[in-house]
Amino acid sequence: MSGKTAWTAAFALFAAAWIFCAPGFAEEEAPRIAKEEVKVLLNDPNVALLDARITQDWKKSDKKIKGAVRVDPLDVGTWAGKYPKDKKIIVYCA
Numbered sequence: 003m004s005g006k007t008a009w010t011a012a013f014a015l016f017a018a019a020w021i022f023c024a025p026g027f028a029e030e031e032a033p034r035i036a037k038e039e040v041k042v043l044l045n046d047p048n049v050a051l052l053d054a055r056i057t058q059d060w061k062k063s064d065k066k067i068k069g070a071v072r073v074d075p076l077d078v079g080t081w082a083g084k085y086p087k088d089k090k091i092i093v094y095c096a
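With the first letter of the sequence shown counted as 1, position 19 gets the number 21 in the numbering used here; the numbers rise by one all the way through.
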């Protein structure tokens, strides 16, 4: 991933985190989740798994998580409001 691409993806994920979290979030580090925890949650209907890789990286990748929803990290405003606040949302970009 180029420096510009990485910066754009990082900014988009920060924007998504800001939308989903209460004010003051920017002062804290984004919570992380281990891949083992994600595997356990894959079939949970209360979990939304969002693939936020930029389009070119997503298209050329042969590694996609089954059940993940592809979202455009550059258009957070379009998809951010679709998910209920009581749902656990996992966003990944790598």
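All C-beta atoms, glycine included, are put in the ideal place defined by N, C-alpha and C.
For P33, I'd like the list of residues in its chain whose CB is within less than 6 Å of its CB, leaving aside the five on either flank, ordered along the chain. So no residue of the chain qualifies.
Give the straight-line distance between the Cα atoms of L44 and I67, rounded to the nearest whole angstrom. Between L44 and I67, the C-alpha separation is close to 9 Å.
Does DSSP classify D53 as helix, strand or coil? DSSP places D53 within a strand segment (E or B) once states are collapsed to three.
Boundaries (first-last residue) of the alpha helix (DSSP H) holding V40: Counting along the chain, the alpha helix (DSSP H) containing V40 begins and ends at K37 to L43.
Mind checking P47: buried by the 16 CB within 10 Å criterion, or exposed? Around the beta-carbon of P47, fewer than 16 other beta-carbon atoms lie within 10 Å, marking it exposed.
Can you tell me where the alpha helix (DSSP H) holding V93 begins and where it ends? Looking at the DSSP string, V93 is not in any alpha helix (DSSP H); the run it does join, the beta strand (DSSP E), is K90 to Y94.
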